[in-house]
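Numbering (UniProt numbering), first residue to last: 1 to 399.
The beta-carbon is built from N, C-alpha and C at its ideal position, and this holds for glycine as well.
It should be emphasised that the depicted structure is a prediction, and the values quoted were computed from it without experimental measurement.
Some notes on the structure that comes next.
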């Protein structure tokens with residue numbers, strides 16, 4: 001930062017006492033206007049090169065002291081703003097110095113909450129998607145409250161603070177999502193940089209390991225066969241079991257299962273096809289869909305219920321699934337997502353290509369499928385290579 005002083009001479013009488021004006025320049029960017037220092041100097045006593053009042057009189061000393069105070073006050077304010085926000089433009093600095101603008105009071109939470117609302121509106125998030133990021137934000141609030149730093153300025157969330165948040169999340173038993181929390185805050189800070197609220201992102205170069213993916217929870221072939229054939233005495237549990245079985249056949253997520261209707265099933269090809277709007281932001285916004293070919297067992301289930309499955313509310317559904325698992329002796333934590341995972345496992349284990357599985361699950365990136373099913377893909381790679389070795393074990397058969 002640089003402060004340049006210049007004498008604004010009296011237009012009618014250039015030799016009369018005149019006022020010194022200051023202009024701030026930061027990183028080569030000059031303020032659009034000068035401001036008065038209220039220090040008055042005779043033109044012949046002003047040394048523009050050395051930016052000082054000439055002479056050793058008491059008046060000259062007082063004026064030079066006043067000039068230094070202006071410089072020091074601006075420098076102090078500049079350093080404070082950079083420490084809090086990473087940068088400041090010269091016009092804002094001058095306005096703050098002159099009291100024309102209230103001190104900036106942007107906090108980290110202000111930025112993150114503002115970013116949450118802006119992204120939800122811009123990307124038209126579904127309530128469930130917004131809920132995920134709201135949880136991330138709520139955990140940040142709880143962390144800052146726990147350390148007494150709820151008004152933490154954005155630049156205060158440096159690498160040390162970010163690591164503290166990371167370990168706090170682990171202690172809170174959200175280890176699987178700790179990295180995603182930090183990535184969310186990092187995105188909000190980067191957005192503030194783009195909008196020139198901040199000069200730079202204090203955690204721009206930090207990366208967090210997501211750790212090993214959690215083990216896949218899915219039904220085995222035997223467990224799925226038991227689910228298909230068992231008849232529950234409770235009509236409620238039978239309906240829940242049938243809905244879950246359909247998820248195992250189709251890979252439908254809960255939000256998609258509740259929207260299934262007859263008009264979404266298209267005939268005419270080798271297999272009936274269920275057309276689904278993926279309940280993720282991009283697909284809802286752009287009207288993009290994906291198609292799931294229906295095997296005979298899936299069609300039979302849909303026909304049994306008139307093509308509208310009796311799906312309970314998510315919380316009830318998951319609670320009833322626990323009862324289904326207990327009755328069948330399945331020692332797994334059954335949730336609606338387990339049905340979707342089961343479908344992916346069945347397809348991959350029956351040599352359906354990864355690209356096809358990714359498409360059937362509605363993933364927009366193949367890497368999503370690879371990460372989700374890394375465990376089964378590793379086993380499949382070993383089995384494929386064993387089969388390859390068997391085919392090429394004879395001399396001259398490797399080609």
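* **Residue environment, residue 302, which counts as buried when at least 16 other CB atoms sit within 10 Å** => buried
* Asked: Who are residue 85's beta bridge partners in DSSP?
  -> Beta-bridge pairing links residue 85 to no other residue.
* To do: Could you tell me whether the Cβ atoms of residue 191 and residue 115 are closer together than 7 Å?
  => yes
* **Range of the contiguous beta strand (DSSP E) that encloses residue 90** => Segment 90–98 is the alpha helix (DSSP H) holding residue 90; no beta strand (DSSP E) there.
* Going by Cα to Cα distance, which pick from 66, 240, 271 is closest to residue 309? -> 240
* Is the segment 121–129 close to the segment 83–101, with three or more CB pairs under 8 Å? -> no
* In its own chain, which residues sit with a C-beta less than 6 Å from the C-beta of residue 17, not counting the 5 before and 5 after it? -> 40, 42
* To do: Please work out which residues of its chain come closer than 7 Å, Cβ to Cβ, to residue 298, disregarding the five sequence neighbours upstream and downstream, and give them in chain order.
  => Apart from the 5 residues on each side of it in sequence, residue 298 sits with its Cβ closer than 7 Å to the Cβ of 246, 249, 250 in its chain, given in chain order.
* To do: Could you check how far apart the C-beta atoms of residue 275 and residue 259 are, in whole angstroms? I think they sit under 8 Å.
  => About 11 Å; that fails the 8 Å criterion.
* residue 237 to residue 326, Cα distance in whole Å? -> 11 Å
* To do: Mind listing, in chain order, the continuous alpha helix (DSSP H) runs of no fewer than 4 residues lying wholly within the segment 284–309?
  => 296–304
* With a 10 Å radius around its C-beta and 16 neighbouring C-beta atoms as the bar for buried, classify residue 88 as buried or exposed. => buried
* Asked: On the three-state DSSP scale, how would you describe residue 37?
  -> strand
* Of the residues 235, 304, 227, the one placed nearest residue 261, counting alpha carbons only -> Ranked by Cα distance from residue 261, the options 235, 304, 227 are led by 304.
* Close beta carbons around residue 357, own chain, < 8 Å, minus the five adjacent residues each side -> 344, 347, 348, 369, 373
* Sorted by chain position, which residues of the same chain lie with C-beta nearer than 8 Å to residue 311's C-beta, five sequence neighbours on each side aside? -> Same-chain partners within the cutoff: 243, 254, 257, 258, 317.
* Can you tell me which of the three DSSP states residue 352 falls into? => coil
* residue 140 versus residue 165 - alpha carbon distance -> 8 Å
* Quickly, what does DSSP pair residue 26 with across the bridge? List them, please. => 29
* Asked: Between the segment 184–201 and the segment 212–227, do at least 3 Cβ pairs fall closer than 8 Å?
  -> no
* Asked: What are the boundary residues of the beta strand (DSSP E) that includes residue 8?
  -> 2–8
* Asked: Measuring CA to CA, which of 58, 2, 99, 355 is closest to residue 79?
  -> 2
* Euclidean distance between Cα positions of residue 107 and residue 97 -> 21 Å
* To do: Take the Cβ of residue 136 as the centre, count every other Cβ of all protein chains shown within 10 Å, and call the residue buried at 16 or more, exposed below.
  => buried
* Contact between the segment 327–334 and the segment 220–228: three or more CB pairs below 8 Å? -> yes
* Which value, in whole angstroms, describes the spacing of the CA atoms of residue 66 and residue 20? -> 11 Å
* To do: Find the nearest neighbour of residue 182 within the set 138, 147, 221, 222, judged by alpha-carbon distance.
  => Measuring from the Cα of residue 182, the nearest candidate turns out to be 138.
* **Sheet register partners of residue 52 (DSSP bridge)** => 47.
* To do: Assign residue 400 to buried or exposed, taking buried as 16 or more other Cβ atoms, counted over all protein chains shown, within 10 Å of its Cβ.
  => Residue numbering for the chain in the displayed model covers 1 to 399; residue 400 lies beyond these limits and cannot be assessed.
* Could you pull the start and end residues of the beta strand (DSSP E) that residue 430 belongs to? => The first residue shown for the chain is 1 and the last is 399, placing residue 430 beyond what the model contains.
* To do: Could you spell out the range, first to last residue, of the alpha helix (DSSP H) harbouring residue 158?
  => That residue, residue 158, is in no alpha helix (DSSP H); it is neither H nor E in DSSP.
* Just the Cα atoms here: how many angstroms apart are residue 134 and residue 360? -> Each residue's alpha carbon lies about 29 Å from the other.
* Tell whether a beta-carbon distance below 7 Å holds between residue 415 and residue 91. => Summary: the structure shown does not reach residue 415, with the chain confined to residues 1 through 399, and so no result is reported for it.
* To do: Find the nearest neighbour of residue 207 within the set 171, 45, 159, 188, judged by alpha-carbon distance.
  => 159
* Asked: Can you tell which of 62, 131, 234 has its C-alpha closest to the C-alpha of residue 320?
  -> That would be 234, whose Cα lies nearest to the Cα of residue 320.
* To do: Ignoring anything shorter than 4 residues or poking outside the segment 130–210, list the alpha helix (DSSP H) runs there in chain order.
  => 159–171, 178–194
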